[in-house]
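Structure, as structure tokens:
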Amino acid sequence: MTINERLTALRSEMQSAGVSAIIVPANDAHQSEYIADRFACREWISGFTGSAGTVVVTMNHAGLWTDSRYLIQAEEELSESEFEQHQLKVQGAPEYIDFLAENLKKGDTVGIDGQLFSLNVYQALMEQLETKDICVNAQFDPFEVIWKDRPEMPEAKFFIHPMAYAGQSVSEKLTAIRAKMKAEGTDALMVEALDEIAWMLNLRGADVDCNPVGYAYLSIETDRATLYTAAGKITEEVNAHLQEAAVTVADYTAVFNWLSKGTFEHLWIDPARFSIHHYELLEEGKEVCVAPSPVQFLKMIKNEAELKGMRNAMIKDGVALTKFYKWVEKVAAAEGKTEAQCAERLKAFRAEQDGYVGESFSAIVGYQGNGAIVHYRPQDPKAKSLRGEGMLLIDSGGQYKDGTTDITRTFYIGTPAAEHKKAYTLVLKGHIGIERIVFPAGYAGPQIDVLARHELWAEGMNYGHGTGHGVGAFLNVHEGPIGFGNKGVTGGTPFEVGMVVSDEPGFYKTDAYGIRLENLITVKEIYNNEFGQFLGFESLTLAPFEPKLIEVSMLSAKEIEWLNAYHQQVLEVLSPLLDAEEQAWLKAKCAQF
């Protein structure tokens, strides 16, 4: 079926159900960013493959709401269908609700699958639509009918994440969570986020590409905890691991019965994760505490074992990247390899490293104008060959048993012009600005984000994405709630020692080139004196910046000092793990300014 044929089938189901519009989000029933194929309804109906974006279909309009990261990608992927792209004014905001309120009439019904809508999003939807006397049918899932070969739920088995990497036992984590539940006056907590469940139970899975998680729910009560998942996903070893922590196992769908008939009195739910479908199952009279999950706040502060694992993963990643970057310069550019071939070669270099599990996301390899597509995915036969001269942006990451990596570097094949060097150096100055900052405890991403941008702003330049995001420890590469916010919208959680976050400013010139420079950094204490605690960042990523793109005259003495020290660290840590030819290549890249 073509996209337009799928739309025809969808509208037929809408008409039969008395639905005037349908909202199709990108997430799954756990409000995940990355999802199993079964939940890829938005991609199936629209053809848009980006990780963020929402579809709205009415009887006479089909629209995709997405942000500036995907503008070029969406334009290309929607070009042969009826779909129209709508650019979000604020990244992540449900602005499609405004469209529905303006274009539907009194008495119309909007259809949604209530399992895919968090309590937060549903309430925002109802607040606007109720004032227009527009109804919502939260039990509408037409894809079970029109998607004839819709994939089944994944069945990969869970496996244990060892204490050597986790640093804290399941029992210890449950004790910490129960203390928070008691302080909040609740006797039960519903955990729906897949990465939170994996972290709580020291388990990992393989149900979602690039994310070591498995589909399950977790209920934690004062005297028991239950993991709801498919029976075939639990091995004898995993079952024994859970029993040791007094965690029982029940069927995935049994969570519905627990929500409707459980013996708890006061349930803690996270409104950003808890679906409206689950909310409507709750027995009348039950008290509900609506607040962010306490698990995410414990998870985002890495303990010593987790930080050690992250550092080890960065060293392995640095070795693989050195080999790859050298191959790009010496082989790929000379032979005109495609972006897709480069992505596969990068994966192969990482696979040589001990403990490698897979990519933490699909690698972005964008040459020349493709680098300006922020979330570009190189796929043959459309992938560009590395022929001629141009900027090459490579954003990639790996999942290792001891940690998760995410790094972006930008190179130039040929001889860069003054324009290229200026743009690259402005981005580098922003990157260094974040890495060098010392700030009082209590500050969050939106208050620091300006450091990454002000040099660009001074030249009338900017970038549309956030400057950074939290990263898990052998978990999801995007981990909330920390980050450097874009326009103050995200990342409002104050930084604390042990958090890991990315620092990734950029600049993109449509149809010409893209630049992004990304390290993972961890929060550390700098001072603790009579003026209070002061924090800063420590680089975890180990990879050189591109010297031929750096206009040294634009850097301050302090910036040059930081860059030289960073390159010296990269050289000292990685050189003993490389052969003579690789060492020579890295030494040239890390030459002191």
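First residue of the sequence shown: 1, per UniProt numbering; consecutive thereafter. Using N, Cα and C, we set each Cβ at its ideal position, and we do this for glycine too. Given the structure is predicted, the values throughout are model-derived calculations rather than measurements.
Using the rule of at least 16 other Cβ atoms within 10 Å of the residue's Cβ for burial, across every protein chain shown, is Glu309 buried or exposed?
-> Checking the displayed sequence, the identity of residue 309 turns out to be Gly instead of Glu. Gly309 should be labelled buried.
Pro212 versus Pro154: straight-line alpha-carbon distance, rounded | Answer to the nearest angstrom: the Cα atoms are 13 Å apart.
Is the CB-CB distance between Leu520 and Thr405 below 8 Å?
-> Going by C-beta atoms, Leu520 is nearer than 8 Å to Thr405.
In chain order, what residues of the same chain lie with their CB nearer than 7 Å to the CB of Glu196, ignoring the 5 residues before and after it?
-> If we look at Glu196 and ignore the five residues flanking it on each side, its Cβ neighbours are Ser293, Val295, Gln296 and Lys299.
Output the boundary residues of the alpha helix (DSSP H) element that contains Ala423.
-> Taken as a continuous stretch (DSSP letters only), the alpha helix (DSSP H) holding Ala423 covers Ala418 to Arg436.
For Ser12, count neighbouring Cβ atoms within 10 angstroms of its own Cβ and tell me buried if that reaches 16, exposed if not.
-> By the Cβ-count criterion, Ser12 is exposed, with fewer than 16 other Cβ atoms from all chains shown falling within 10 Å of its own Cβ.
What's the gap between the Cα of Asn4 and the Cα of Phe48?
-> Pairing Asn4 with Phe48, the inter-Cα distance amounts to about 13 Å.
Run through the region 166-223 for me and flag every whole beta strand (DSSP E) of 3 or more residues, listed as ranges in chain order.
-> Listed in chain order, the complete beta strand (DSSP E) runs (minimum 3 residues) inside the region 166-223 are 188-191 and 217-221.
Pairing CB atoms from the region 162-172 with CB atoms from the region 265-277, are three or more of them under 8 Å?
-> No contact exists between the region 162-172 and the region 265-277.
Starting from the C-beta of Val489, find all residues in its chain whose C-beta is less than 7 Å away, skip the five residues before and the five after it, and write them out in chain order.
-> Low confidence applies here, because Val489 scores a pLDDT of 45, under 50, leaving its location unreliable and the question unanswered by this model.
Outcome for Met181 when other beta-carbon atoms lying within 10 angstroms are tallied against a minimum of 16 = Around the CB of Met181, 16 or more other CB atoms lie within 10 Å, so the residue is classed as buried.
Nearest to Ile373 by alpha carbon, out of Asn60, Gln139, Glu75 and Ser16?
-> Considering only alpha carbons, the answer is Glu75.
Ordered along the chain, which non-local residues of its own chain (more than five positions away) have a Cβ less than 6 Å from that of Phe411?
-> Cβ neighbours of Phe411 beyond the five flanking positions: Leu392 and Glu546.
Neighbour-count burial assignment, Ser16, 16 or more Cβ in a 10 Å radius | Ser16 counts as exposed, since fewer than 16 other C-beta atoms from the protein chains shown sit within 10 angstroms of its C-beta.
Report yes if the C-beta distance between Leu535 and Val500 is below 8 Å; otherwise report no.
-> Val500 sits away from Leu535, with the two beta carbons spaced by 8 Å or more.
Status (buried if at least 16 other CB within 10 Å, exposed otherwise) for His420 = The residue is buried, with at least 16 neighbouring Cβ atoms inside 10 Å.
Report the rounded CA-to-CA distance for Leu577 versus Glu304, giving the unit in angstroms.
-> Each residue's Cα considered, the two are about 24 Å apart.
If you count every other CB in all the chains shown that lies within 10 Å of the CB of Ser556, and 16 or more means buried, which is it?
-> With fewer than 16 other Cβ atoms inside 10 Å of its own Cβ, Ser556 counts as exposed.
Can you check whether the CB of Leu475 is closer than 8 Å to the CB of Leu456?
-> By the CB criterion at 8 Å, Leu456 and Leu475 fall outside the cutoff.
When Thr493, Ala423 and Tyr463 are compared against Pro446, the one with the closest alpha-carbon | When only C-alpha atoms are compared, the closest one is Thr493.
Going by DSSP, what residues sit across from Phe537 in a beta bridge?
-> Paired residues: Val523.
Roughly how many angstroms lie between the CA atoms of Tyr400 and Glu306, to the nearest whole one?
-> Approximately 12 Å between the Cα atoms of the pair.
Should Met200 be labelled buried (16 or more other beta-carbon atoms within 10 Å of its own) or exposed?
-> Result: buried.
Determine the burial state of Ala214: buried for a count of at least 16 other Cβ atoms within 10 Å of its Cβ, exposed for fewer.
-> Note that residue 214 corresponds to Gly in the displayed sequence, not to Ala. Under this definition Gly214 is a buried residue.
Look at the alpha carbon of Ala183 and the alpha carbon of Glu530, and state the distance between them as a whole number of angstroms.
-> Cα to Cα, the separation comes out at about 31 Å.
According to the neighbour-count rule (16 or more other Cβ atoms, all chains shown, within 10 Å of its Cβ), is Pro25 buried or exposed?
-> With 16 or more other Cβ atoms within 10 Å, it is buried.
Where Phe39 and Leu104 are concerned, what is the direct C-alpha to C-alpha distance, given to the nearest angstrom?
-> Rounded to the nearest angstrom, the two C-alpha atoms are 27 Å apart.
Sequence-distant residues of the same chain with beta carbon closer than 7 Å to Glu496, five excluded per side | Excluding sequence neighbours, Glu496 sits near Ile301 and Val523.
Where Met461 falls: helix, strand or coil (DSSP) = In the structure shown, Met461 sits in coil (DSSP, three-state: anything other than H, G, I, E or B).
For the region 510-518 against the region 363-371, are there 3 or more C-beta pairs whose distance is under 8 Å?
-> Contact between the region 510-518 and the region 363-371 is established, with three or more Cβ pairs separated by less than 8 Å.
Just the C-alpha distance for Ala423 and Val552, rounded to the nearest angstrom, thanks.
-> Looking at the two C-alpha atoms, the distance is approximately 13 Å.
Three or more beta-carbon pairs under 8 Å between the region 379-389 and the region 337-357, yes or no?
-> Contact holds: three or more Cβ-Cβ distances are below 8 Å.
Mark Gly491 as exposed unless 16 or more other C-beta atoms lie within 10 angstroms of its C-beta, in which case mark it buried.
-> With a pLDDT of 48 at Gly491, under the threshold of 50, the modelled position of that residue is not reliable, and no figure is offered here.
Inter-residue spacing [alpha-carbon to alpha-carbon] between Asn257 and Ile112 | Spanning the two alpha carbons is a distance of roughly 22 Å.
With Asp395 as the anchor, note down where its beta strand (DSSP E) starts and where it stops.
-> Run containing Asp395: Gly390 to Ser396, per the beta strand (DSSP E) assignment.
Going along the chain, which residues of its own chain have a beta-carbon closer than 8 Å to the beta-carbon of Val570, five neighbours each way excluded?
-> Once the five neighbours on either side are set aside, the close Cβ partners of Val570 are Gly318, Leu542, Ala543, Pro544, Leu586 and Cys590.
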